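Mapped onto UniProt numbering, the consecutive letters of the first sequence carry residue numbers 1 to 278. Here's the structure we're looking at; comments come further down.
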Amino acid sequence: MRVATYNVNSVRARVGRVVDWLVREDIDVAGLQEIKCKPEQFPFDAFREAGYEVELHGLSQWNGVAFVSRLPMEDVEITFPSQPGFAKGHDGPDQPKEARAIGVTVEGVRLWSLYVPNGRELDDPHYAYKLDWLAKLAAETEGWLAERPDQPLALMGDWNVAPLDTDVWDLSVFEGHTHVSAPERAAFTRFEEIGLTDVVRPRLPEGYTYWDYKQLRFPKNEGMRIDFILGSAAFADLVTAAAIHRDERKGDAPSDHVPVVVDLDLETELDDDRPMIF
DNA sequence: ATGACCATGTATCATGGA
1 MRVATYNVNS
11 VRARVGRVVD
21 WLVREDIDVA
31 GLQEIKCKPE
41 QFPFDAFREA
51 GYEVELHGLS
61 QWNGVAFVSR
71 LPMEDVEITF
81 PSQPGFAKGH
91 DGPDQPKEAR
101 AIGVTVEGVR
111 LWSLYVPNGR
121 ELDDPHYAYK
131 LDWLAKLAAE
141 TEGWLAERPD
151 QPLALMGDWN
161 VAPLDTDVWD
171 LSVFEGHTHV
181 SAPERAAFTR
191 FEEIGLTDVV
201 RPRLPEGYTY
211 WDYKQLRFPK
221 NEGMRIDFIL
231 GSAAFADLVT
241 AAAIHRDERK
251 GDAPSDHVPV
261 VVDLDLETEL
271 DDDRPMIF
């Protein structure tokens, strides 16, 4: 089973090339972020004609997450239970929850498509929201892992955090701004502390997943690595290959992010004598 | 060529993105 995560930066603006990519790359299930539309605006037909069913959570022109899959999707869940809300100029507990998380189960594998809040600037309320959002998600994930330790689980999406200095082209450009701050990196590392691992980086140590549209960032390869697939131990055991589809940043009307893809082997029976590879 | 932001709606600017 081939699984992908892709921040498409508007599914309506890119439906043709996204569907072409799904078919050409033989993707079975993809978590999308920043679909930027409500359900009544989603281009269902283009995906269905290519053999993909759609589950989505979209509330407005901002954010929005989805799964497209040619395998059956079960147990669809929009937002995670403890997900914090946010609304500009509002404080307190009654803030609406944004469309930033959707979960589905495919072939027994639990998958979440996540669009982590950007944070904007270190002194912006959105930054505190981002840290809270990640902390609540980590606590939620601890519960899921405790409930179902043997179920393969992956959290994938646009994490809006560059965990390593080498995940941005020039750290000095980001100092004092979001994505590289110590609290954001600690919030990201928390997921590894509770037992998830980045299943892509061991196979692909190099490579960005995002390049700003501005200032020739892509031709100059001035990018960021902020899109990740974090898997439980049971998920990591299934992964046989990983890829970052850098070429999707080329051509007409690309997203500013590119897809991150993993192959899972759901056939092999694991046994206790299996040698450790990593 | 991979080339000097892009997408959306409130629309001829404001907002968000990272």
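Here a beta-carbon is modelled for each residue, glycine too, at the ideal position from N, C-alpha and C. Source: prediction; values computed, not measured.
Range covered by the beta strand (DSSP E) that runs through T189: Note, T189: premise wrong, no beta strand (DSSP E); alpha helix (DSSP H) at 182 to 193.
DSSP three-state assignment for V200, whether helix, strand or coil: In this structure, DSSP gives V200 a state outside helix and strand, which the three-state scheme calls coil.
Supposed contact pair S113 and Q33 - C-beta distance, whole angstroms, cut 8 Å: 6 Å
CB contact flag (N7, H257, <7 Å): The answer is yes: Cβ separation under 7 Å.
Nearest-angstrom beta carbon gap, A99 and V68 [assumed within contact, 8 Å]: Actually they do not touch by this definition, with Cβ atoms about 16 Å apart.
Whether R110 touches L155 by CB criterion (7 Å): no
Identity of the residue in A50, R203, G157, M1 nearest I35 by Cα: G157
Distance CB(M224)-CB(Y208) smaller than 7 Å: Yes, Cβ-Cβ distance for M224 and Y208 is below 7 Å.
Expected contact under 8 Å - CB spacing of V76 and A46 to nearest Å: Their Cβ separation, rounded to whole angstroms, is 21 Å, which puts V76 and A46 out of contact at 8 Å.
Contact check, V180 vs I229, beta carbons under 7 Å: With respect to the 7 Å criterion, V180 and I229 are not classified as neighbours on the basis of their beta carbons.
R120 to P183 span [Cα, whole Å]: 14 Å
CB-CB length for residue 280 against T178, believed under 8 Å: No answer is possible for residue 280: it lies beyond the span of the chain, which begins at 1 and ends at 278.
Cα-Cα separation, V173 to V19: C-alpha separation (whole angstroms): 35 Å.
Close-in-space but distant-in-sequence residues of the same chain around R190 (CB under 6 Å, 5 per side omitted): A138
Alpha-carbon to alpha-carbon, V104 and V239: 18 Å
Rounded Cβ spacing between V199 and N160 (contact assumed at less than 8 Å): Between N160 and V199 the Cβ distance is about 19 Å, and since that is not below 8 Å, they are no contact.
Per-residue DSSP class, three states only, for E34: coil
Own chain residues within Cβ distance below 7 Å of P84, not counting five before or after: Y129, D132, W133, K136
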